[in-house]
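Asks:
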Amino acid sequence: MAQIALATGFVLILAGLYGALTNRDILRMIVAFTIADTGVNVVLVAVGYMPGRTAPILDAAVPVAVASQRIIDPVPQALVLTAIVIGLGITALMLAYAYRLFRLRHSLDISNFTELKW
Amino acid sequence: MVSPVLIIAIGLGTAFALGLLGSTRKTLLFGVTLAALAAMATISLIWLVALATGATETAEIHTAGVAPPFAINLRVGIAEAALLATVTLTGLLAALSLRAQLLTLGRGGMAVLLVLVMAISGLVMTRDLFNIFVFIELVAIATAGLVLLSEDTRAVCAGFKFLVVSQIIAILLLVGIIFTYHANGSLNIDDIGATPVAAQGAALAMFLLLIALVIELKPFPANGWALDIYTSAHPGFSAIFSAATGSAALFVVDKVVAPAGAEWLPLLTGIGLLSFVGSNVVALRQDNDRRLLGYSSVGQLGLVLAVIGQRDVLGDAYLYVAGGLVLSHAVAKAGLFWMSAILRGRKLQDWAAIRARAPMVLAFATFIAMLVGLPPFPGFYAKWDLAQALVAAGRLPVLGLILLGVLIEAAYLFRWFGFAIKREAPESGLSANMVDCGITFAAVAGGWALGWIWGAIPGQHNVLATLPVLAVVAFIALEPLPAKLKNVLAIAALLGWFALVYGDYDPMRLIFAVVMIPGGAVILLASFSETGRRIGFYPSAMAMYAGLALLLEANTFFEFFAAWEVMTLGSYFLILRGRMSEPHALSYMLFSLGGAFALLAGFALASGGVQPFALDQLGTVTAELAPWVFVLLAIGFMTKTAAMGLHIWLPGAHAEAETDVSPMVSGILLKAGLFGLFVMLMQLGRQSLWGVDLTVVLAWIGAISAFLGAVLSIFQEDAKRLLAYSSISQMGYALFGVALMNHLGWLLAMMFVINHYVYKSMLFLAVGGVYKRTHTKLMYQMGGLITLMPFTFVSVLVGIIAMSGVPPLSGFGGRWIFYNAIMDADLRLPLILIFMAGPIGFLYLFRLIHTIFLGQLKDPHRQLKEAPFWLVLPQMIFAAFLIAFAVLPGMALQRVDGYIGSIFGDQPLIWQGRAITSEFGYWNPVAIMVVIAVVFVAVFLILIAKNHDAQKVKQFNIVFSAERPYRPETTHFAWNFFAPYRKAMGILETPVVTSFWGGVTDGVNGAAEFTRRFYTGNGQTYAAHVLLFVVAVYLIAMGGVA
Amino acid sequence: MIRKVVIGLMVALLGVAFWTLTSGYVPDAELNRTAAYYAANAESEVGAPNIVTGIIVTWRGLDTLGEVTVLFLTSAIIALVLSQSKTPKGASGAGLLPSGELLVTGARMLAPLIALFGAYVIMNGHLTPGGGFQGGAILASGVLLSLLAEPSRRFGHTVIARIESFSGTFYVLVGLAGMAYAGGFLDNGILPLGRFGTMLSAGAIPLISILIGLKVGAEFSSILESLHETEDA
Amino acid sequence: MSTLMLGLGLVIALAMVGAAVVALVTRSTVTAVLAAGLVSLFASVFFVVLAAPDVAMTEAAIGSGLTTFLFFFVMGRIRREGEK
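Chains as they are written, first to last, in full-length UniProt numbering: chain X, 1 to 118; chain Y, 1 to 1042; chain A, 1 to 233; chain G, 1 to 84.
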């Protein structure tokens, strides 16, 4: 299972990167990056996964005493939560930038914004 | 002690709380923001001082009340505290620099700035991998926000490109972090380092982590995105981006690479070096100031990354070296960005506007010297220690590339400085106000303070604490005084110093000291002819003299090298003062730095990293290394004596310098190279490499310099250029003498030290006086000045007699010793060259007197007066000295002769009364003087007797008989005077060396032009570059590491 | 075309690296030492049955503070970005959903429910899945819904800004209180841990969750509003 | 682990990749945004399978919900701007 999740996550990352680097439409670049971000999240969660164990929540079924035999690693999940929110922040920022760029040139083609160079 | 967590809490809390203050009271908001930044800076400084003085230990701060690795922890040690102070102070000053934008935009902008400074501080302190990621993202987002504060709409594009790359970095970083966690079971950096890992994929995870952090450092060539930010963002922000963010990112790499292990260091070294050299090459073709600073920033980050790669060999010196480079970079770059806020124009030439403000020039010079690593700034100490460690570890190629990079960086920075000093200043190019200037000078003060601190660290020799350098600082402070008063003080300072030290010197050093220190004071007499305040002259001149004074004082390699660099810097500023000297000063600086780097490498090779290493231990170098040390040092010293091949800087630099500067740089400065050669040869003696005796090579170079210098000299039309080429020739003689490695050869060289100083200074002053009156240096525009400027004529006459080596003046003494010396030696072939240089020398010297003083007086010159008194006075002193020295050479030479005898263990000269006897003959100066005087008086009387036969001719009675000449100079009989010889010797005039160095310059510039096409401006292409970079490094690294 | 091939090749090479990671990946059989520590000490140290919440609020509280700050920054910057450009007049909204009577009524009815649900998720974050982020996002979706339903109606910017500032400042202050009264910055032990598994337990975790929820909700709302607004900001 | 779970995981994984491919190749930006939202939605289901309920909730609310709306808001703005 973990391998499947890992592979899926990596495929999403690679697909996202490819899309972000080949699509010249700025909005589509951002879409591609969100896909890559999702892929990263899947990879992160997959790394914490341990077959046959439950979510890291202690309750009647999982008392503290046996917790370390029953639950999966909670750390990657905590990291992913942070990563998701940060990803949203960056996506929102890029979108706002996209709007500003569009206002600047009435175009969303990244190759039109090259006056800074050399 | 307040907890450093408060830096984070204050930054964040204030950013959040700004919203509670309402959005209308912007001044209040700004005040609160500044107060918060000031509080953060204060906490950092308190910790810095406490840690530096040993009042407290490195602090480990736990959050959540749990020890690491289970909760995030922070650390504040000396390195962290220094960086925190840099970051917070930069933030505070940047807030002031950005005040107009922040006040317009209100609390949003201020909150973003606060969060940025907080996040960079957090990045410095945290010891947790994922926490690093969070702070990096915060920094990235805040950067994208603050970029928008620029009035430049292109900043929007730059910000977007930056965000795209940030996304890629985030992805790589997260994947790297999670797999590192998987392999180690911990996110704590120290914990990861403490547990050995065998898990599969750990190396790859570490690679992804490191490469993501390295891309944060904008490595060349995957850095187009960052350069656009430098170009378009508000300079107040760029200062943070370069100084604070860059330094923190470096520190993060340093933190992570510690647990990653030493096998990653070569990779970092490689990336760092590529980035350093590559960025600097591309920067050569920049003409936008901020983009140039961007390339320089990126290059500096690369340099420090390469230094991080050397942490395994730097040992205890690691923090000192890396810290010195980082802090120099941070302070200088922030200062330059803030300065660029004051400048209206964006072209490098527009910086000429600062010329009107001396403090601005001082600031600019300070920053450039810091970046290039010149004394007394920390980069200089760092460079020295780095070189020692690298050579000791056998990493010469690394050292070579670093020095190459520094040289290229120096090329564009000093070219820029030249623009600022020499180009035409744009109308109202400055928008100076109190705050921006204040910020800039805060950086200047920081730079000098750092220089002091780096020198004051135990075990170091504090360049700033030496008396001569303090005198230079004093002269900077004395700038508002009138020039005449400063001149009195300068002469007093030189003589005072000489009185203080002369008792300690051996006879040889004493000769040099007399030439350099009181000799300098005599030349300074000529400076009384200047009026006004002469801003910039005295600090520069005193820096040169300070360097020379310290050179003679130096006991260790470090002291010698520091003195050498101080001297170089001072003389560069002096030379740059000349009216047309911009390109020449630059080439002087570059050759000097190149030579200095050869010295640096040579010293490091000799000491093998042992410090301090005394100069007189040079002889203890192992036989294996000695020839290489010899070669490096000889190259370094010969750049200063302008030996043929390394000479092309000299003619322009000497000829275009000011009237009283030319004799200083020619008569005095060239001797520093000779002094170095003496010191070196005294210790190392003869060395041979691949069966070739290196002293013979030197002798050949000396002979060729003597010959070709003379040949080139005879074809000059510019009187000062003629003298400059003659200096090359004269130094060639001296070099030849030194390289003979026998008693008489050295005595000859010592004789040249004295003679060349006297007559070259005299001739330069004389020609300078003529220039002052005629406003031309071209000889064919002059003539017949003998009646109008008789004193000057006398000094030129005395000068050329002395120089050409005919009796009775001291030049003949030189020749006499010289012929004795070569009879002793077994070098027959170079002898021929040297012999031929003699008569050729006579040809150009003849022109000097014939064309300027004899012949017809030109119409525009009829009303001329004698040169100013203060120019004539030192000439007369020199003339008197020459005559005295000719009669009594023993007064100076006898002691030196004895001293040299004690080195070589022989005594070929016998000093008897007025006569000197060698095995080949004897020389009685007094007798010769009497004979010559009698002959001269006799001929003179005959001439006077026959004077009535002479006929006066109107000046233009034949020349204008036909049509008007197309090129007026061709009508002067002295133009192209030696055209007939050109047919024979023209081939020697082919500018082979100039073409060679020109080719090198063109090649580097071409490479720069080619490389910068790489930066297409397309954000997507930049992102592709980043990916390409990652993949390329991956392929290389997996070959080497995994 | 060449560009696509080159990029494809590079992505493929990166894929090789990732493939190495995947193929060499072996899931842990035991919890590693960090995770084991959390499992063993969730009750005694933070008192939160939901270990993930315990980690993000307390053990890795600094990350979470940073993350909240990311949203704060984003919303501030987006406001800056958009305030520099005037928005054209005209129809508003995404234009996907018709803002009919039904939707308006539905939204008005749903909004309190959504808010309640958000509050529940926030308050139970330390017991069950959920917490400040999730709850905050749910709160924001309530705002989103009413934005869609009634594009012309505007939430008070000042109210959102006040909530944003207040919760953020208070969060930092709670963190500092941890330094003064407990083991360190962001230590939840400033309040009694209470009885394990009840609503009012786990020290300051519920309090911090509320602050996070409010903060996140306010930031999201402000981002959404900024991007949605029709008039000049 | 049951084969059923494994099969479920595989199906979701394929669905995610499929949606991602659609998002990247489609000509319409609207479709792309929706497909990307779908990827997130599938991911959140996947997280439930991977025993990460907290993450699943967050991904669903933020990744697929809010992000998608952000896209539409900006696209709406851009369209109005373009019509001007």
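C-beta atoms are modelled at their ideal positions from N, C-alpha and C, and glycine is treated no differently.
#1: Is the stretch 541-556 of chain Y close to the stretch 462-472 of chain Y, with three or more CB pairs under 8 Å?
#2: For T3 of chain G, collect the residues of the same chain with a Cβ closer than 7 Å to its Cβ; drop the 5 residues on either side in sequence, then sort them by chain order.
#3: Taking DSSP as the reference, what is the three-state secondary structure of F736 of chain Y?
#4: Please work out which residues of its chain come closer than 8 Å, Cβ to Cβ, to V68 of chain A, disregarding the five sequence neighbours upstream and downstream, and give them in chain order.
#5: Nearest-angstrom Cα distance between N188 of chain Y and A142 of chain Y?
#6: May I ask you to list, following chain order, the residues of the stretch 43-59 of chain G that have a beta carbon less than 9 Å from some beta carbon of chain A?
#7: I'd like to know if the stretch 528-545 of chain Y and the stretch 613-621 of chain Y are in contact, where contact means that at least 3 CB-CB pairs between them fall below 8 Å.
#8: By the 8 Å beta-carbon criterion, what residues does the stretch 169-184 of chain Y contribute toward chain X?
#9: For G197 of chain A, I'd like the list of residues in its chain whose CB is within less than 7 Å of its CB, leaving aside the five on either flank, ordered along the chain.
#10: Does the Cβ-Cβ distance between L689 of chain Y and G636 of chain Y come in under 7 Å?
#11: What does the alpha-carbon distance come out to for the pair P482 of chain Y and K161 of chain Y?
#12: Count the other C-beta atoms from every protein chain shown that fall within 10 angstroms of the C-beta of I457 of chain Y, then say buried if there are 16 or more, exposed otherwise.
#13: On a Cα-Cα basis, can you pick out the residue from Y:R344, Y:V331 and Y:G855 that is closest to L371 of chain Y?
#14: Which runs of the alpha helix (DSSP H) spanning at least 4 residues fall entirely within the stretch 706-779 of chain Y, listed in chain order?
#15: By DSSP, does W997 of chain Y sit in helix, in strand, or in coil?
#16: Going residue by residue through the stretch 285-340 of chain Y, where are the continuous alpha helix (DSSP H) segments of at least 4 residues, counting only ones entirely within it?
#17: Between which two residues does the beta strand (DSSP E) carrying W649 of chain Y extend?
#18: So within the stretch 781-853 of chain Y, which uninterrupted alpha helix (DSSP H) runs reach at least 4 residues, ignoring any that extend past its ends?
#19: Determine the chain C residues that contact L12 of chain Y at a beta-carbon separation under 8 Å, and present them in chain order.
#20: Tell me the rounded alpha-carbon separation between L305 of chain Y and L268 of chain Y.
#21: Indicate whether the contact test is met: 3 or more Cβ pairs, each with one atom in the stretch 330-344 of chain Y and one in the stretch 432-452 of chain Y, closer than 8 Å.
#22: Considering Cα atoms alone, identify which of A:T105, A:L103, A:G135 and A:E101 is closest to A115 of chain A.
#23: Tell me the residue span of the beta strand (DSSP E) that contains E409 of chain Y.
#24: According to the neighbour-count rule (16 or more other Cβ atoms, all chains shown, within 10 Å of its Cβ), is G570 of chain Y buried or exposed?
#25: With a cut-off of 8 Å, do at least 3 Cβ pairs link the stretch 784-791 of chain Y to the stretch 724-739 of chain Y?
#26: Applying a beta-carbon distance threshold of less than 8 Å, which residues of chain A neighbour F135 of chain Y?
#27: Please list, in chain order, the chain A residues whose beta carbon lies closer than 8 Å to that of L6 of chain G.
#28: Quick test of your reading: G667 of chain Y and Y757 of chain Y, contact by CB under 8 Å. State the CB separation rounded to the nearest angstrom.
#29: Please compile the residues from chain Y whose C-beta is within a distance smaller than 7 Å of the C-beta of T20 of chain A.
#30: How would you list, in chain order, the residues of chain G whose beta-carbon sits under 8 Å from the beta-carbon of F102 of chain X?
#31: How should D1002 of chain Y be labelled, buried or exposed, when 16 other C-beta atoms within 10 angstroms of its C-beta is the threshold for buried?
#32: Determine the extent of the beta strand (DSSP E) in which W911 of chain Y is found, giving its start and end residues.
#33: According to DSSP, which residues form a beta bridge with D109 of chain X?
#34: Please confirm whether L80 of chain A has its beta-carbon closer than 7 Å to some beta-carbon of chain G.
#35: If we count the other Cβ atoms within 10 Å of its Cβ and call it buried at 16 or more, is E989 of chain Y buried or exposed?
#36: Nearest-angstrom Cα distance between residue 235 of chain A and V21 of chain G?
Replies: To lay it out plainly:
#1: The way I'd put it, the stretch 541-556 of chain Y does touch the stretch 462-472 of chain Y; three or more beta-carbon pairs between them come closer than 8 Å.
#2: Cβ within range, chain order: n/a, list empty.
#3: F736 of chain Y: helix per DSSP, three-state reduction.
#4: Cβ neighbours of V68 of chain A beyond the five flanking positions: G168, Y171, I212, K215, V216 and E219.
#5: Rounded to the nearest angstrom, the gap between the Cα atoms of N188 of chain Y and A142 of chain Y is 25 Å.
#6: Answer set for the stretch 43-59 of chain G: A52, P53, D54, V55, A56, M57 and T58.
#7: Contact between the stretch 528-545 of chain Y and the stretch 613-621 of chain Y is absent, because fewer than three Cβ pairs lie under 8 Å.
#8: For the stretch 169-184 of chain Y, which is checked against every Cβ of chain X, the residues closer than 8 Å are A170, I171, L174, V175, I177, I178, F179, Y181 and H182.
#9: Around G197 of chain A: P49 and L127.
#10: Their beta carbons are not under 7 Å apart, which means L689 of chain Y does not touch G636 of chain Y by this criterion.
#11: Taking the straight line joining both Cα atoms gives about 54 Å.
#12: Taking all protein chains in view, the Cβ of I457 of chain Y is surrounded by fewer than 16 other Cβ atoms within 10 Å, so the residue is classified as exposed.
#13: Minimum Cα-Cα distance from L371 of chain Y among the listed residues Y:R344, Y:V331 and Y:G855 corresponds to Y:V331.
#14: With a minimum length of 4 residues, the continuous alpha helix (DSSP H) runs that stay inside the stretch 706-779 of chain Y are 719-739 and 743-774.
#15: DSSP places W997 of chain Y in helix when its eight states are reduced to three.
#16: Taken in chain order, the whole alpha helix (DSSP H) runs of length 4 or more contained in the stretch 285-340 of chain Y are 289-308 and 311-314.
#17: Careful: W649 of chain Y lies outside any beta strand (DSSP E), inside the alpha helix (DSSP H) at W649 to E656.
#18: Under the rule that a run must span 4 or more residues, the alpha helix (DSSP H) segments found entirely inside the stretch 781-853 of chain Y read 790-804, 810-824 and 829-853.
#19: No chain C is present in this structure, whose protein chains are X, Y, A and G.
#20: Just so you know, the alpha carbons of L305 of chain Y and L268 of chain Y end up roughly 6 Å apart.
#21: Taking 8 Å as the limit for Cβ pairs, the verdict is that the stretch 432-452 of chain Y does touch the stretch 330-344 of chain Y.
#22: The shortest C-alpha separation from A115 of chain A is found at A:G135.
#23: Premise fails: E409 of chain Y lies in the alpha helix (DSSP H), L396 to K422, not in any beta strand (DSSP E).
#24: G570 of chain Y comes out buried.
#25: With the cut-off at 8 Å, the stretch 784-791 of chain Y and the stretch 724-739 of chain Y do not touch.
#26: Near F135 of chain Y (Cβ distances below 8 Å), the residues of chain A are G66.
#27: Here the premise fails: no neighbours, minimum Cβ distance about 14 Å.
#28: About 4 Å separates the beta carbon of G667 of chain Y from that of Y757 of chain Y, a gap short enough to meet the 8 Å contact definition.
#29: Neighbours of T20 of chain A on chain Y, chain order: G201 and L204.
#30: I78, E81 and G82, listed in chain order.
#31: Burial call: exposed.
#32: Element bounds for W911 of chain Y: I910 to Q912.
#33: Per DSSP, X:D25.
#34: Output row for L80 of chain A: interface = no.
#35: Exposed.
#36: There is no way to answer for residue 235 of chain A, as the model of chain A reaches only from 1 to 233.
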